[in-house]
Amino acid sequence: MTITVRNEADIIEDNLRYHLGAGVDFILATDHRSDDGTTEILQRYEDEGRLHLHREEGEAFRQTEWVTDMARLAATRFGADWVINTDTDEFWFARGGTLREVFAAVPPGYGAVRGIWRHFALRPDDDDPFYERMIVRRAPAHDPADPYCANAKVAHRANGRVRVGRGNHDVEGDGLALLRDWVAFEILHFPIRSRNHLLGKYSRTLAGHRLAGGDLVPSHVARLAQSVQADPEELYRELLVDDEAMERGIAAGLLAIDTRLRDTLHGGSVRSSSPAEDVAFAEEIDAMLAMDSAVRLAERVGAFERRLAAVESKRGG
Numbered sequence: 000m001t002i003t004v005r006n007e008a009d010i011i012e013d014n015l016r017y018h019l020g021a022g023v024d025f026i027l028a029t030d031h032r033s034d035d036g037t038t039e040i041l042q043r044y045e046d047e048g049r050l051h052l053h054r055e056e057g058e059a060f061r062q063t064e065w066v067t068d069m070a071r072l073a074a075t076r077f078g079a080d081w082v083i084n085t086d087t088d089e090f091w092f093a094r095g096g097t098l099r100e101v102f103a104a105v106p107p108g109y110g111a112v113r114g115i116w117r118h119f120a121l122r123p124d125d126d127d128p129f130y131e132r133m134i135v136r137r138a139p140a141h142d143p144a145d146p147y148c149a150n151a152k153v154a155h156r157a158n159g160r161v162r163v164g165r166g167n168h169d170v171e172g173d174g175l176a177l178l179r180d181w182v183a184f185e186i187l188h189f190p191i192r193s194r195n196h197l198l199g200k201y202s203r204t205l206a207g208h209r210l211a212g213g214d215l216v217p218s219h220v221a222r223l224a225q226s227v228q229a230d231p232e233e234l235y236r237e238l239l240v241d242d243e244a245m246e247r248g249i250a251a252g253l254l255a256i257d258t259r260l261r262d263t264l265h266g267g268s269v270r271s272s273s274p275a276e277d278v279a280f281a282e283e284i285d286a287m288l289a290m291d292s293a294v295r296l297a298e299r300v301g302a303f304e305r306r307l308a309a310v311e312s313k314r315g316g
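140 is the number that numbering that gives the first Met the number 0 gives to position 141 of the sequence shown; each next residue is one higher, with no gaps.
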């Protein structure tokens with residue numbers, strides 16, 4: 000597994016512990032300027048022989064470059080068979096088996112499989128770990144500028160020449176054809192975990208993306224950074240799901256209680272999903288596929304318009 004980290008001391012150890020327990024053999028981590036104790040946690044896992052740590056000191060957030068380098072290193076130096084490229088707030092949960100069983104089931108002609116985000120809502124702050132408080136899962140949004148939008152990430156066969164796309168949503172390379180119609184994983188996603196996390200995360204992330212290139216700023220990062228600057232308390236109230244909002248959301252079918260991460264980190268077993276939960280998962284796959292098609296179409300239209308503008312510019316000259 001590869002992971003890029005900056006100031007995630009509240010979650011990074013839980014992420015490492017969860018994935019190593021789920022079947023990940025080894026982790027490659029890039030630490031980007033952490034100063035909150037994250038580095039020391041990563042160094043401890045490196046000292047134990049379970050993690051390879053690289054430190055980046057520049058201000059620009061060059062995630063795509065760093066993840067591609069780690070994914071290639073996983074293949075060429077660390078003997079990986081499959082690689083999961085993840086963020087610190089993501090927990091990969093295999094459906095229908097273990098990680099190893101799911102990867103073993105992928106036909107030889109395919110080299111990449113998808114997991115979809117299952118978002119967990121911001122809950123009132125207290126002294127408990129995030130996974131104790133954040134047991135409320137919410138339906139995905141259809142707006143790419145929403146931090147809870149429908150989306151997918153990709154795991155892939157190890158490949159020394161892989162190119163990982165922006166945000167770890169795609170990969171390119173020989174032998175890495177995507178098994179598009181099978182979603183093998185749920186990615187339990189905890190993007191906003193407290194008031195302080197919300198207020199600090201997006202302004203810092205926006206600055207790093209801008210330094211890496213103006214066209215690399217995700218739309219949800221830009222929107223939330225602007226909202227934090229304009230009225231941080233209003234944004235916090237908008238995103239917070241208190242007990243009253245939780246009850247309304249569950250009654251309306253927009254929210255659901257999901258304790259799988261909490262139960263796993265406590266060492267308990269996770270029960271099988273119910274038919275209603277399987278239907279909810281299928282609905283979120285549909286939302287992801289619709290979003291994926293719209294985004295890919297927009298990218299193709301944008302690329303065509305840029306080529307057309309270049310041709311017209313040459314003609315005008």
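A virtual CB, placed ideally from N, CA and C, is assigned to each residue, including glycine.
Alpha carbon of residue i to alpha carbon of residue j, nearest angstrom
| i | j | result |
| --- | --- | --- |
| residue 20 | residue 26 | 12 Å |
| residue 144 | residue 136 | 19 Å |
| residue 231 | residue 181 | 39 Å |
| residue 2 | residue 311 | 43 Å |
| residue 164 | residue 68 | 12 Å |
| residue 156 | residue 77 | 13 Å |
| residue 239 | residue 245 | 10 Å |
| residue 11 | residue 40 | 8 Å |
| residue 93 | residue 250 | 28 Å |
| residue 195 | residue 224 | 14 Å |
| residue 170 | residue 289 | 19 Å |
| residue 254 | residue 241 | 12 Å |
| residue 285 | residue 113 | 13 Å |
| residue 197 | residue 233 | 12 Å |
| residue 37 | residue 53 | 13 Å |
| residue 126 | residue 90 | 22 Å |
| residue 258 | residue 309 | 53 Å |
| residue 0 | residue 174 | 19 Å |
| residue 72 | residue 162 | 12 Å |
Selected residue, minimal CA-CA separation from residue i, among the options
| i | options | result |
| --- | --- | --- |
| residue 190 | 30, 32, 175, 87 | 87 |
| residue 345 | 246, 186, 158, 125 | Outside the shown range of the chain, which is 0 to 316, sits residue 345, and nothing can be said about it. |
| residue 319 | 6, 5, 50 | The first residue shown for the chain is 0 and the last is 316, placing residue 319 beyond what the model contains. |
| residue 356 | 199, 236, 287, 52 | There is no way to answer for residue 356, as the model of the chain reaches only from 0 to 316. |
| residue 24 | 9, 263, 117, 44 | 44 |
| residue 31 | 7, 22, 273 | 7 |
| residue 123 | 117, 72, 192, 160 | 192 |
| residue 272 | 95, 148, 125 | 95 |
| residue 9 | 48, 149, 128, 120 | 128 |
Burial state of residue i, where buried means 16 or more other Cβ atoms lie within 10 Å
| i | result |
| --- | --- |
| residue 18 | buried |
| residue 139 | buried |
| residue 62 | buried |
| residue 70 | buried |
| residue 322 | In the structure as shown, the chain begins at 0 and stops at 316. Residue 322 is therefore absent and cannot be evaluated. |
| residue 172 | buried |
| residue 256 | exposed |
| residue 82 | buried |
| residue 74 | buried |
| residue 106 | exposed |
| residue 98 | buried |
| residue 218 | exposed |
| residue 275 | exposed |
| residue 278 | exposed |
| residue 307 | exposed |
| residue 33 | buried |
| residue 247 | exposed |
| residue 283 | buried |
| residue 79 | buried |
Inter-residue CB distance, residue i and residue j (contact presumed, cutoff 8 Å)
| i | j | result |
| --- | --- | --- |
| residue 58 | residue 65 | No, residue 58 and residue 65 are not in contact; Cβ-Cβ is about 14 Å, not under 8 Å. |
| residue 109 | residue 177 | 7 Å |
| residue 111 | residue 154 | 7 Å |
| residue 269 | residue 183 | About 16 Å separates the two Cβ atoms, so there is no contact after all. |
| residue 287 | residue 134 | The Cβ separation is near 22 Å, so there is no contact. |
| residue 152 | residue 168 | 6 Å |
| residue 188 | residue 265 | In fact, because the Cβ distance is near 20 Å, the residues do not count as touching under 8 Å. |
Terminal residues of the beta strand (DSSP E) in which residue i lies
| i | result |
| --- | --- |
| residue 155 | 151–156 |
| residue 102 | Note, residue 102: premise wrong, no beta strand (DSSP E); alpha helix (DSSP H) at 98–103. |
| residue 55 | 50–55 |
| residue 84 | 81–86 |
| residue 180 | 177–188 |
| residue 89 | 89–93 |
| residue 238 | It is not in any beta strand (DSSP E) - residue 238 instead sits in the alpha helix (DSSP H) that spans 231–238. |
| residue 117 | 111–118 |
| residue 191 | Neither: residue 191 is in no beta strand (DSSP E) and is coded neither H nor E. |
| residue 4 | 1–4 |
| residue 136 | 135–137 |
Opening and closing residue of the alpha helix (DSSP H) in which residue i lies
| i | result |
| --- | --- |
| residue 37 | 37–46 |
| residue 255 | Taken as a continuous stretch (DSSP letters only), residue 255 belongs to no alpha helix (DSSP H), being part of the beta strand (DSSP E) at 254–256. |
| residue 129 | 129–132 |
| residue 248 | 242–251 |
| residue 16 | 11–21 |
| residue 30 | Counting along the chain, residue 30 falls outside any alpha helix (DSSP H), though it belongs to the beta strand (DSSP E) covering 26–31. |
| residue 261 | 259–264 |
| residue 66 | 62–75 |
Min CB distance residue i to chain D below 8 Å
| i | result |
| --- | --- |
| residue 99 | In the structure shown, chain D does not exist; there is a single protein chain. |
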